[in-house]
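S.K.:
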Amino acid sequence: MTTLAAKVTAAFDKIAAARPQAIQTATIRKTAVSGGGPSDTSGGTATPTDYSVRVAVFSIPLPRVGYTLIDGTNIQATDYQVVVESFAVELEPGDKIIVTQGMLRVVDPGAIAPGGTVLAYDAVAR
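Heads up, the sequence shown is in this note's numbering, so the first residue is 748 and it goes up one at a time.
1) From E787 to S781, what does the alpha carbon distance come to, in whole angstroms?
2) In the DSSP output, which residue or residues are listed as bridge partners for V804?
3) Relative to the C-alpha of R766, which candidate in R776, L851, K777 and V802 has its C-alpha closest?
4) Got a sec? Which residues, its chain only, sit under 7 Å from A763 by beta carbon, not counting five neighbours each side?
5) Count the other CB atoms, across all protein chains shown, that sit within 10 Å of the CB of V836; report buried if there are 16 or more and exposed otherwise.
6) Measure from the alpha carbon of V831 to the alpha carbon of each residue in S789, F759 and P861, then state which is nearest.
7) What separation, rounded to the nearest whole angstrom, lies between the Cα atoms of D826 and Y868?
8) Return the bridge partner residues of R852 from the DSSP annotation.
9) Thinking C-beta only, is Q823 closer than 8 Å to R776?
Have a look at this one:
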């Protein structure tokens with residue numbers, strides 16, 4: 748029996764074979780801060796950790812989201828939709844995605860998790 752996660756991976760493989768330019772290898776950069784706190788005013792030490800993942804990046808067309816959401820708090824005209832294949836850790840707001848379009852910051856991770864298991868992310872990033 749094929750799992751849903753295997754089907755998502757197979758879908759990425761199929762798209763990559765048919766349209767190689769549609770899928771790219773990206774880097775997810777998560778930053779953990781250690782130290783800091785009330786007795787340490789330095790703010791702590793930030794340590795980035797990178798994860799390699801496959802993604803599909805799309806500009807968000809205006810008619811799809813409706814003009815009322817553009818340049819508001821939800822979606823801005825320069826935002827991207829980034830479909831991320833599931834990886835070892837959770838994608839969170841503030842994480843960085845390094846793609847050919849540049850370094851994008853995750854605004855909404857958009858976890859796709861039927862049954863509680865994350866299969867992919869349909870993120871909004873800017």
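Cβ coordinates follow ideal geometry from the N, Cα and C atoms, glycine included.
M.R.: Reading from the atomic positions:
1) Reading off the sequence shown, one finds Asp at residue 787, where the question assumed Glu. Roughly 11 Å between the two C-alpha positions.
2) V829
3) V802
4) I770
5) exposed
6) F759
7) 15 Å
8) K843
9) no
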